[in-house]
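*Asks:* Protein chains in written order, with this note's numbering: chain A, 2 to 337; chain B, 2 to 337; chain C, 2 to 337; chain D, 2 to 337. Backbone N, C-alpha and C define an ideal beta-carbon position, used for all residues, glycine too. The structure is given below, and queries will be raised subsequently.
4 protein chains.
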Amino acid sequence: MIRVGIVGATGYTAVELLKILLRHPEVTVTAITSRDPESPHLSEVHPILRDQLNLNFSLLDIPKFCQQVDVAFCCLPHAASAAIVGQLVDAGVKVIDFSADYRLNDVETFQQWYGVEHPDSQRVGNVAYGIPELFRSAIRSSDVVANPGCFPSSALIPLAPLLKADLIQTAPIIVDSKTGISGAGRKTNLKFHYPECNESISAYGIGTHRHMPEIDQIIKRFCNVDIQTVFTPHLTPMDRGILSTIYVQSKGKASASDIMDCWADFYEDEKFIRVSPDLVATKNVSGTNFCDITARHCRGTIVIVSALDNLIKGASGAAVQNFNVMHGLDDTVGML
Amino acid sequence: MIRVGIVGATGYTAVELLKILLRHPEVTVTAITSRDPESPHLSEVHPILRDQLNLNFSLLDIPKFCQQVDVAFCCLPHAASAAIVGQLVDAGVKVIDFSADYRLNDVETFQQWYGVEHPDSQRVGNVAYGIPELFRSAIRSSDVVANPGCFPSSALIPLAPLLKADLIQTAPIIVDSKTGISGAGRKTNLKFHYPECNESISAYGIGTHRHMPEIDQIIKRFCNVDIQTVFTPHLTPMDRGILSTIYVQSKGKASASDIMDCWADFYEDEKFIRVSPDLVATKNVSGTNFCDITARHCRGTIVIVSALDNLIKGASGAAVQNFNVMHGLDDTVGML
Amino acid sequence: MIRVGIVGATGYTAVELLKILLRHPEVTVTAITSRDPESPHLSEVHPILRDQLNLNFSLLDIPKFCQQVDVAFCCLPHAASAAIVGQLVDAGVKVIDFSADYRLNDVETFQQWYGVEHPDSQRVGNVAYGIPELFRSAIRSSDVVANPGCFPSSALIPLAPLLKADLIQTAPIIVDSKTGISGAGRKTNLKFHYPECNESISAYGIGTHRHMPEIDQIIKRFCNVDIQTVFTPHLTPMDRGILSTIYVQSKGKASASDIMDCWADFYEDEKFIRVSPDLVATKNVSGTNFCDITARHCRGTIVIVSALDNLIKGASGAAVQNFNVMHGLDDTVGML
Amino acid sequence: MIRVGIVGATGYTAVELLKILLRHPEVTVTAITSRDPESPHLSEVHPILRDQLNLNFSLLDIPKFCQQVDVAFCCLPHAASAAIVGQLVDAGVKVIDFSADYRLNDVETFQQWYGVEHPDSQRVGNVAYGIPELFRSAIRSSDVVANPGCFPSSALIPLAPLLKADLIQTAPIIVDSKTGISGAGRKTNLKFHYPECNESISAYGIGTHRHMPEIDQIIKRFCNVDIQTVFTPHLTPMDRGILSTIYVQSKGKASASDIMDCWADFYEDEKFIRVSPDLVATKNVSGTNFCDITARHCRGTIVIVSALDNLIKGASGAAVQNFNVMHGLDDTVGML
């Protein structure tokens, strides 16, 4: 059994991660940490897990933690994560990092968009980006994997094969994304107070969302062109799910069905990417690690729609999938 | 025109109050206060009112405020309200108070349930309770009215006529209430964070909710017996609305239709109480000042169901109705 | 008092229309029709209106109806509406038609997109399109007004002034719209069964939605160029509201604030169009006749966001506004 | 591997059942039937299962079906189910029946409440009632199990041990239940059209719901007294979950903590019943086979709150648990 610990295990991604890990046949969860010095009981923080795991929260004590675990899932905020990842790796612990700290190619872009000094800058640019369907071999040989952002996953999965196959133009690429409110995390904020966001849809962070440069940088690896995605996230009154509607121009008259054929080939062996002839919906992937994708043609524009569960394929499911790849297991262990 | 001010105008009851007052033909809103020293623009706090009222928030300056207004709606928390109501009244301003400060009969009960010293204890017990359908004449001649709690309104409106007519027994009275999340107010709290309460229903405050003694004390006026209501509120995943399912035992074989007849008589001239042969639903009163009530018989028990909008008939609509009664206007002015 | 009838008054637009008309000081509602031969009571069909209107449904008897009313709001499906509008007009009744029958410029486009013969083809192309902010003078002198589609309203209000002022390019224009489920009407369909669409967002009708040619044709009047909008509607888990996120390219380096200035000028005297510096949300217009609009710049693309209530500004509020304009009343009568 | 078939596999319980069975290590799903002669693809009916099961719907052909399966889960409506269960059993197929056909003790009560002739009356009264925590030994030796109703499960699990231990009085027992909309099944009906039931809570079927006699009859087995439960179900705007708030009178001064101790003893070895010191919520059991229960004391009344997922512990999870018990497997196989 592989001993697993979760650093910063009080949020929504952590509870989904625990649900998956508790079913995973190769894993035993041996430590969960929180920055709350009161060490609350697991069932107070995550009542859905009552009686499922005989473990309470403790403060992170790095040397002790490194003795307890073989692999760490880090669910800390950006910068807080990079401040400890190095120490874990040096102690021989493999890390799957949920923060944005190792997703970008370079420290400058990180510091520009996140507005803080990077605490572990020499590692930036050398960490595998955790979409196994796109970067499996790099992930397989890694000690640290940067778990991808939820919005980038929903954009990169459909776009990467098309740019690689030169089926679409590199500009303009418009990504209009709609997310459930759990995407905002578990910290209270008036914006996410139930009566503020229920029965309402709104755009936010137009041109300023940090997932925009992440999409740009990762996508460039498939076309070798600087990409300037136009990315608009929207807050949708539902718990979970991301639907991204992506507008691109085809190259050389590629039709919607050429697009779908390209995906069918590229993702032929992938269990978690489903190319759907029907229009996709977040409900059809809710609670699963699937990403459903489809395409339509409208007056010269290719309209791509992708759907995933922001907490699973957009976070904890992807993390376990990365864990599986890092350990030579089938991607689907613990999830199908 | 009657000049009206709102003290503590940043919450959900205040925005509903403003929406009604802006349509009220006899009212001009002349002041709105907030305890935020930044004096935010109205449209930042209540974007639905953008461009509708040329007024921004100011800190409460009692002498100045009393020169600006004839009537004050106080939307402050308990104790904070009673600390200023006296001063407003002494300056000749009429007050409709949304807090619990003047609802109970005696200071002891207030202090026991609210856990604070009452700042204006001599007035307690002498203030009209603001359900016009039950206490119109007292309200008409009052300078201060205690606007009722949302749950008590949903229980008292159906129960009072039945107890007065001696149609039901005084024990047990079980009030099982379901409220939308706006009932919790506009302060952030993890419990009301969207992903915590969406797609979930739960009971809270069983045996400890402060609206329980309020129901007991007001209802006693109709039967002269000490009542011990068993009251269970539930948090329901919707913005607004209260549905109360009330279980009582009939006296002298009163049937469900006797109950409905009693209401039809008692509320014959009331525009806002609708006795419904059909089962009621919160949606059918949403955004209105109606309270819909119905009754059924089940195996010897009378099951009463009442529905109202917690922000309107349960708060701001009732307040304007009280305002109308205090000024000799028809109850419905500004609302129908 | 102007006598008003509603033809096909059982749906969601009709109940919102009735709510507004019951508050309208110049209107008395004298007839409501339904195609249900059982003539149900109003309170069975629209329980929120219980006791508010002493009128029940009847089958449409055109001669009788024309004696009862001065103005008809027709809420029938397409083609069914045009089959009777002519008769009403010939009898001297003014008509505000909610269907799509008179919105398009020509019969061919109608028949191509709606797949039926037009029952009143000679009138097509000669009917005022009912956005008063864009076509006030035509509406003022009309006997029949085509009430606009909800999605087109959300696109045309922001786009028309910009095209007229030559601030944006005529292609590409991408309209990514999100609507609440009431937009689908009140007929049952598995797609709109609560557990199917709750907690889910999905795109539908990509490239095939009938509001697309409507946007194209109306918008052309402001730029004299054939427009080919790329329009993607989405079903959002909420009752009401439309948010349209619109992607256009500026011309001559117009910035987001140039866009906002253009709107501020164009809509200076309009009470129902609010140009907002803040990002807009459907909740902030819910239950109102407002359309809130804003713009942002993102990497060369202008991102416009508009919000309206599909049942009010997108249907019944617009209809009453048209009614007001047709009768020389201020636009806002009955609504502010 | 045990070969399993699902009869009537197009609804919400069937899709949840399939999700569990696909993870179940001892099961292979070999047939799914539908009464739709078009034999739709699984992914059209249940898009969340796209690519997960290489099987399409067929019409039920009993002899063929009995060769394909060892065990049948019958998800047909009442009466339709009993019309075929006998044939399946006679052919050696074990049956877990989701309908109400075999839940009641006698044919008279069935016919009175369901209003139809029972098609397999001689079996009524001889079928194990499928709550393993209460009737494990009967289930273990059965060929047919009557899967319990969702509301009865939420009432019987907390009540049975208390009646057996003589801790509470047998009257009055008031069960105030709140259910998500999936409880209404997947057939369209205006009542469950999204805009009708969203943002609304309402009571229905007071005194007439068919789960009321089911509670009465099953509960009698624990106290040998005729019970007349007062049962009020409510429709709650959420997909799934049942919360039952149950009001009983204690006997011999049993306190809330005596109640909780009784449960803790009775359910000591049960993995799916969680006695919670905290107040329970449907969200904390959503997607799981848990039933969470708690109790509070309020003015002489014991207030019990139970929470379960109506589609899992209230239907398909219970069914798989019954399946496990019938086959000598641990209750939790496939579910934890």
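Roughly how many whole angstroms lie between the Cα atoms of A365(D) and P196(D)?
*Replies:* Absent from the structure is residue 365(D), since the part of chain D shown begins at 2 and ends at 337.
*Asks:* Helix, strand or coil for A255(D)? Go by DSSP, reduced to three states.
*Replies:* coil
*Asks:* Count the other CB atoms within 10 Å of the CB of V306(B); is the residue buried (16 or more) or exposed (fewer)?
*Replies:* buried
*Asks:* Between C67(B) and the rest of its own chain, which residues show a CB-CB distance below 6 Å, the 5 nearest in sequence each way excluded?
*Replies:* Only A92 and V94 meet the Cβ criterion.
*Asks:* Which same chain residues, not among the five before or five after I21(A), have their C-beta less than 7 Å away from its C-beta?
*Replies:* S317, G318, V321, G335 and M336
*Asks:* Helix, strand or coil for F74(A)? Go by DSSP, reduced to three states.
*Replies:* Looking at F74(A) - three-state DSSP - the assignment turns out to be strand.
*Asks:* Between I228(C) and chain A, is any beta-carbon pair separated by less than 7 Å?
*Replies:* Against chain A, the CB of I228(C) has no partner CB under 7 Å away; the residue lies outside that interface.
*Asks:* Taking buried to mean at least 16 other C-beta atoms within 10 Å of its own C-beta, is N225(A) buried or exposed?
*Replies:* exposed
*Asks:* Rank Y115(D), V96(D), L280(D) and I219(D) by C-alpha distance to the C-alpha of R211(D) and give the top, closest one.
*Replies:* Y115(D)
*Asks:* For R187(B), return the contacting residues in chain A, with the cut-off set at a CB-CB distance below 9 Å.
*Replies:* The answer, in chain order, is L191, H194, P196 and E197.
*Asks:* If you pair each beta-carbon of the stretch 225-234 of chain B with each one of the stretch 199-213 of chain B, do three or more pairs fall below 8 Å?
*Replies:* yes
*Asks:* How long is the line joining the alpha carbons of E269(C) and L312(D), rounded to whole angstroms?
*Replies:* 54 Å
*Asks:* Which value, in whole angstroms, describes the spacing of the CA atoms of P26(D) and V176(D)?
*Replies:* 38 Å
*Asks:* Sorted by chain position, which residues of the same chain lie with C-beta nearer than 8 Å to M172(B)'s C-beta, five sequence neighbours on each side aside?
*Replies:* Looking at the sequence provided, one finds Ala at residue 172(B) rather than Met. Around A172(B), the same chain offers I228 and Q229 as residues with beta carbons nearer than 8 Å, after the five sequence neighbours per side are excluded.
*Asks:* Identify the residues that DSSP records as bridge partners of T1(B): which are they?
*Replies:* Lying outside 2 to 337, the shown extent of chain B, residue 1(B) is not represented and no answer is given.
*Asks:* Only counting the same chain, and skipping five residues up and downstream in sequence, which positions put a Cβ closer than 7 Å to that of R241(A)?
*Replies:* G181, S183, S287, D310, N311 and L312
*Asks:* Counting only the same chain and skipping the five closest in sequence on each side, list residues whose C-beta sits under 8 Å from that of E200(A).
*Replies:* Hits under 8 Å: P238.
*Asks:* Provide the residue(s) that pair with K20(C) in DSSP beta bridges, ordered along the chain.
*Replies:* Looking at the DSSP assignment, K20(C) forms no beta bridge with any residue, so it has no partner.
*Asks:* Assuming contact is defined by CB atoms lying nearer than 7 Å, are N57(C) and H47(C) in contact in what I supplied?
*Replies:* no
*Asks:* Check distances from the C-beta atoms of the stretch 127-149 of chain A to those of chain D and list, in chain order, the residues that come in under 9 Å.
*Replies:* none
*Asks:* Could you say which of R137(C), A156(C) and V128(C) lies nearest to D144(C) if we only look at CA atoms?
*Replies:* Ranking R137(C), A156(C) and V128(C) by Cα distance to D144(C) puts V128(C) first.
*Asks:* Using 8 Å as the Cβ pair cut-off and three pairs as the minimum, do the stretch 258-267 of chain A and the stretch 291-304 of chain A touch?
*Replies:* yes
*Asks:* From this set, E109(C), C198(C), G126(C) and G12(C), which residue's C-alpha is nearest Y103(C)'s C-alpha?
*Replies:* G126(C)
*Asks:* Tell me, which residues are paired with V334(D) by DSSP?
*Replies:* In DSSP, V334(D) forms no bridge with anything.
*Asks:* Does any C-beta atom of chain A lie closer than 7 Å to the C-beta of P48(D)?
*Replies:* yes
*Asks:* If the criterion is Cβ atoms closer than 7 Å, does the pair I140(D) and N323(D) meet it?
*Replies:* yes
*Asks:* Entirely within the stretch 7-62 of chain A and at least 4 residues each: give me those alpha helix (DSSP H) ranges in chain order.
*Replies:* You should have 13-24 and 43-46.
*Asks:* Taking C-beta to C-beta, are T34(B) and L61(B) nearer than 7 Å?
*Replies:* yes
*Asks:* Please list, in chain order, the chain D residues whose beta carbon lies closer than 9 Å to that of V281(B).
*Replies:* In chain order: S203 and A204.
*Asks:* Going by alpha carbons, who is nearest to A282(A) out of T11(D), S44(D) and R36(D)?
*Replies:* S44(D)
*Asks:* Are the CB atoms of A255(C) and L168(C) nearer to each other than 7 Å?
*Replies:* yes
*Asks:* Would the stretch 96-111 of chain B and the stretch 145-158 of chain B be scored as touching if the rule is three or more Cβ pairs under 8 Å?
*Replies:* yes
*Asks:* Residues of the stretch 238-249 of chain A in Cβ contact with chain C at a cutoff of 8 Å, in chain order, please.
*Replies:* P238, M239, D240, R241, G242, L244, T246 and Y248
*Asks:* Going by alpha carbons, who is nearest to H328(C) out of T14(C), C75(C) and V96(C)?
*Replies:* Of T14(C), C75(C) and V96(C), the residue nearest in Cα terms is V96(C).
*Asks:* Just curious, the alpha helix (DSSP H) that K165(D) is in, first and last residue?
*Replies:* C151 to K165
*Asks:* Counting contacts by CB-CB distance shorter than 7 Å, is S183(C) in contact with chain D?
*Replies:* yes
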